[in-house]
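The block underneath contains the structure these notes are about, expressed in structure tokens.
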Amino acid sequence: MKAGKRIIGQMSLAGLDEWSSVRAVKGADVFCNQGGKVRREWLSRCTEERALTKELMGKIVSPSNLVAALRQVVSNKGSAGIDGMSVEELRQWFSSHYHEFQSQIITGKYRVESVREVQIPKPNGGVRILGIPTAKDRLVQQAISQVLSLHYDPTFSDRSYGFRPDRGAHDALRQAGQEVSEGRDWIVDIDLEKFFDTVNHDRLMWLLGTRIGDKTLLKLIGKFLRAGMLKDGLVSQGVKGMPQGSPLSPLLSNIILDELDKELEVRGHRFVRYADDLIVMVKSEPSAKRVLSSLTAFIEQRMLLKVNKSKSKISRPYELNFLGHSILIEGRLGLSKTSEQRLKAKLKQLTQRNRGISLEQLVKELNPILRGWLNYFKNAQMIGRLKAIEGWLNRRIRCFRLKQCKRAFTMAKLLHRLGVPWNRSWATAGISKGWYRLSVTPAAHEAMNLKWFGTIGLYSLKENYVKHLKKPPSTTHVRWVV
DNA sequence: CACGTCTTGAC
RNA sequence: UUUGUCAAGACGUG
């Protein structure tokens, strides 16, 4: 469903009388940069479509949709909700209770259960509250999400990038960089305060009602919104907010914030939105200030959401932290300070002294992490930063290897085996100044040099980074097929 | 091209 | 222990 061909909507093409199904194909050859225009034109026609009122429930409970939803929920391998049913048990349950399940949804008899509260630490240090629905409920929500997404997503703004099929953080960053390169280098950074918790139920339900005609579906979504949170035996129900951790929440958040996109569009602003992270790019400081205050008013008064005034600010591109990146004045991307710190913290943990694992196993654990990290940040301008990070990591690995020698004798043997003369091997192995001091000693550098790092097979950030730089900038082409 | 396993990142 | 959506990469089975 995700890769390759997928029917994403319907349109009437110029010159054709009948409605034709349209497919978007990734990896073909036309409309690369101009594709946005074509897409936008098509989008405005899609809003006239009234299909949302018809056959929605039928699509949701159709065998193919439910099976696809089940596959997704199972492959996520998420933990059980309040009823203790695991995703593997869900698979069993689904095949035996299929028809009963289906009719419960259609008739509106389906019971939604409370969500299980789980607290997880946020990367910045705070605590994030998750509401984990039952595996069954996750299945229903996933099924709804898949169908609603087909109808809603084509009508969303071209400048909205979060949680949407065929759009990622890289696309958002590319657009932000484009705007900055055109001289819009004053950034209005809007931070919505705990967005998921402040969503107004009545307003969301009204919004959904404008496009969804099916009352039982609306009621079902309403049940999910009002599902209580179970915390040690007590259920607490809120009149606002939606559970973070339910499959429907990302789509609903886009449905709500689409209103903001539309307002920004009629005002003619250049903006990029990724979920609740919004930046507006303007050409001067005074207009940035104007935009910040007027948007704050719009969001709080019209949309009934809250703007975090201490975190919302106007900033320059190079001091920005948008999706882990900063932006340079020419519009190219940089690596944000916090992104570097997070990587180092993670590597530090993995290369810690304790772990009774072999060097081979350490490299095996390190490589996929380094590869994955670089893959996300490869578009940033960061040769110098990578050199520093890699030098730091190599020191830690030398340290790790030396620490595996419990006795001075085994260390001297190691150094000698790696090409250091016996006398110097003995001399450095005899130093009892601590592992760090030993790791920066000339003999250690000589033994564990670049060649050695090549032989242990450690993924090199710098090497692979420059390799990616040489490659063509991988443009995503979209071809329209009728 | 399809289906899996794993990793990273954004929110 | 930790939910969710999305994107990207690596590997594997045909």
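Counting from 1, position 279 in the first sequence corresponds to residue 281 in our numbering; the numbering is continuous, with no gaps. Cβ atoms here follow ideal geometry from the backbone N, Cα and C, with glycine treated the same way.
- Counting only runs of 3+ residues, the beta strand (DSSP E) found wholly inside the stretch 130-201 occupies 188-193, in chain order.
- Counting C-beta pairs with one atom in each stretch, the stretch 377-396 and the stretch 405-422 have fewer than three that are closer than 8 Å, which means they do not touch.
- Taking all protein chains shown into account, residue 427 has 16 or more neighbouring C-beta atoms within 10 Å of its C-beta and is therefore buried.
- Exposure of residue 110 is indicated by the presence of fewer than 16 other C-beta atoms within 10 angstroms of its C-beta.
- With contacts defined as CB atoms closer than 9 Å, residue 309 and residue 301 qualify as a contacting pair.
- By the Cβ-count criterion, residue 276 is buried, with 16 or more other Cβ atoms from all chains shown falling within 10 Å of its own Cβ.
- In terms of Cβ geometry, residue 222 and residue 117 do not form a close pair [threshold 9 Å].
- If you draw a straight line from the Cα of residue 251 to the Cα of residue 166, it comes to about 12 Å.
- For residue 413, the enclosing alpha helix (DSSP H) stretches over residues 410-419.
- Between the stretch 131-142 and the stretch 64-84, the count of Cβ pairs shorter than 8 Å is three or higher; the stretches touch.
- Distance between residue 434 and residue 409, taken at the CA atoms: about 11 Å.
- Sixteen is the threshold: when 16 or more other Cβ atoms of the shown chains lie within 10 Å of the Cβ of residue 398, as they do, the residue is buried.
- Contact between residue 224 and residue 207 holds: their C-beta atoms lie close to 6 Å from each other, under 8 Å.
- Residue pairing by DSSP places residue 382 opposite 335 in a beta bridge.
- Around the C-beta of residue 162, 16 or more other C-beta atoms lie within 10 Å, and the residue is accordingly described as buried.
- In this structure, the CA atom of residue 229 is about 42 Å from the CA atom of residue 336.
- Collapsing the DSSP output to three states places residue 279 in a strand.
- Taking the Cα positions, residue 315 is about 27 Å away from residue 242.
- For residue 470, the enclosing alpha helix (DSSP H) covers residues 463-472.
- Proximity to residue 172 across 66, 227, 325 peaks at 325, based on C-alpha coordinates.
- In the structure shown, the three-state DSSP call for residue 285 is coil.
- Counted as a single uninterrupted DSSP element, the beta strand (DSSP E) harbouring residue 231 occupies residues 231-233.
- Pairing residue 306 with residue 278 gives a Cβ-Cβ distance that is not under 9 Å.
- Counted as a single uninterrupted DSSP element, the alpha helix (DSSP H) harbouring residue 225 occupies residues 217-228.
- Between residue 123 and residue 129, the alpha-carbon positions lie close to 5 Å from each other.
- In the three-state DSSP reduction, residue 350 falls in the helix class (H, G or I).
- Taking the C-beta atoms as reference points, residue 226 is found no nearer than 9 Å to residue 149.
- Here the alpha carbons of residue 349 and residue 330 stand approximately 27 Å from one another.
- With respect to residue 266, residue 159 sits close: the two C-beta atoms are nearer than 9 Å.
- In this structure, the alpha-carbon of residue 313 lies about 26 Å from that of residue 240.
- With fewer than 16 other beta carbons inside 10 angstroms of its own, residue 78 counts as exposed.
- Between the C-alpha atoms of residue 145 and residue 248 there is a straight-line separation of about 12 Å.
- At the C-beta level, residue 198 and residue 255 come within 9 Å of one another.
- The C-beta distance from residue 361 to residue 403 rounds to 6 Å, short enough to meet the 8 Å contact threshold.
- The continuous beta strand (DSSP E) containing residue 315 extends over residues 315-317.
- DSSP, reduced to helix, strand and coil, places residue 115 outside both helices and strands of the structure shown, so it counts as coil.
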